[in-house]
Every structure is written in structure tokens, then in C-alpha cells.
Amino acid sequence: KDGADPFDLAEVLPELQRSQRQELWERQLKLLQHSLAAHPPERWITGAEEDAGDMEVEISEEQ
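Add 179 to a position in the sequence shown, counting from 1, and you land on the number used in this note's numbering.
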């Protein structure tokens, strides 16, 4: 199977051992906590305007 192919998490989870599922959820929690600490909700709206200059935007002729 190609690693770039999408997969269905609902199909993968039952195949994992309980300890593997527990570790997966713990790692997901750590990733979420890290992401929220790096980008707190207070910045979600106000930060969008500040960071807008950093984004690359392509404007198509169809618009």
C-alpha cells in the first residue's frame, strides 16, 4: 500500500492493541496541547490580520 494513500482511522483502530491505542491517544493529546500552547485561541481571530502578510495568496483570473 502507498503511504501517501489516505486511510480510514475507524478501520485502523480496531486492529491496534489496547496499549497501542492508548499510546496513540496520549500522543494526540500532547500534540493538541502543544498546538494550543503555540497558538492560543485568543490569537485565532486577532492573529489572522497580523499574520496575513506572511501568507502566499494566488488570485486566479476566474474571480
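Glycine is no exception: its CB is placed at the ideal position from the N, C-alpha and C atoms. Bear in mind that the values here come from a model prediction, so they are computed numbers and not experimental data.
{"Item": "How is the alpha helix (DSSP H) around Q212 delimited, first residue to last?", "Value": "197-217"}
{"Item": "Rounded to whole angstroms, what's the CA-CA distance from E194 to L188? Just pull it up for me.", "Value": "10 Å"}
{"Item": "Looking at the secondary structure, which residues open and close the alpha helix (DSSP H) in which A183 lies?", "Value": "From DSSP, A183 is part of no alpha helix (DSSP H); its letter is neither H nor E."}
{"Item": "So, using beta-carbon positions, are L208 and R200 closer together than 8 Å?", "Value": "no"}
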